[in-house]
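Using this note's numbering, read the sequence shown as starting at 131 and increasing by one per residue. Note that CB positions come from ideal geometry on N, CA and C, so glycine has one too.
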Amino acid sequence: MHAPHLPLAAWWVITAAALAIDLAFWLPVMPSGRAKWKLCTGTAAFAAGVAAPLLLTGGTLEATLPVLAVGFLTPSLMFAGHRKTMRQLWRDHERPGALGDDRKVPVRVWVQAAVVLVVMACLAGWLLWRAD
Numbered sequence: 131m132h133a134p135h136l137p138l139a140a141w142w143v144i145t146a147a148a149l150a151i152d153l154a155f156w157l158p159v160m161p162s163g164r165a166k167w168k169l170c171t172g173t174a175a176f177a178a179g180v181a182a183p184l185l186l187t188g189g190t191l192e193a194t195l196p197v198l199a200v201g202f203l204t205p206s207l208m209f210a211g212h213r214k215t216m217r218q219l220w221r222d223h224e225r226p227g228a229l230g231d232d233r234k235v236p237v238r239v240w241v242q243a244a245v246v247l248v249v250m251a252c253l254a255g256w257l258l259w260r261a262d
């Protein structure tokens, strides 16, 4: 079961590339080893959360590849172009008391994140709907 017009091998490559892009974007943003560890475990938890329900109901891992690819790419695209802002937010998050009322995230970041999230959710839904 996979999205139309692409062979299964292509979905494996796309998913691996999406994971590499996700890690290449977020690992340099993370200010500490602890944050990098959280990133990697969160990515693994996402993959397990997508794959587990399908595998438990008798499906195959290949059926999850399109959703995994979209899921891996989404956070990177949501904050593309805003690495500096995200890095500062992570630094502030790691220091107790550093986040104050004066620390605001620019509206354009939230708008970009919302638009990308909606588009990628629609893409994931379409890929699931079109799955064989």
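Comparing alpha-carbon positions, which option in the options lies nearest residue i?
i: Arg-213; options: Gln-242, Ala-244, Phe-155, Thr-194; result: Phe-155
i: Leu-247; options: Arg-225, Phe-209, Leu-258; result: Phe-209
i: Val-235; options: Glu-224, Arg-217, Arg-225, Cys-252; result: Arg-217
i: Ala-174; options: Leu-253, Ser-162, Leu-149; result: Leu-149
i: Leu-190; options: Leu-207, Leu-253, Val-245, Leu-138; result: Residue 190 is actually Thr in this sequence, not Leu. Residue Leu-138 is the option with its Cα nearest to Thr-190.
i: Trp-256; options: Gly-188, Leu-207, Val-197; result: Val-197
i: Leu-195; options: Thr-145, Trp-259, Leu-253, Ala-254; result: Thr-145
i: Trp-142; options: Ala-244, Phe-202, Val-237; result: Phe-202
Run the CB neighbour count on residue i, radius 10 Å, all protein chains shown included, and call it buried at 16 or more, exposed below.
i: Val-241; result: exposed
i: Thr-204; result: buried
i: Ala-193; result: buried
Within this structure, are the beta carbons of residue i and residue j separated by less than 8 Å?
i: Val-200; j: Leu-253; result: yes
Which runs of the beta strand (DSSP E) spanning at least 3 residues fall entirely within the region 174-250, listed in chain order? Runs of the beta strand (DSSP E) inside the region 174-250: none found.
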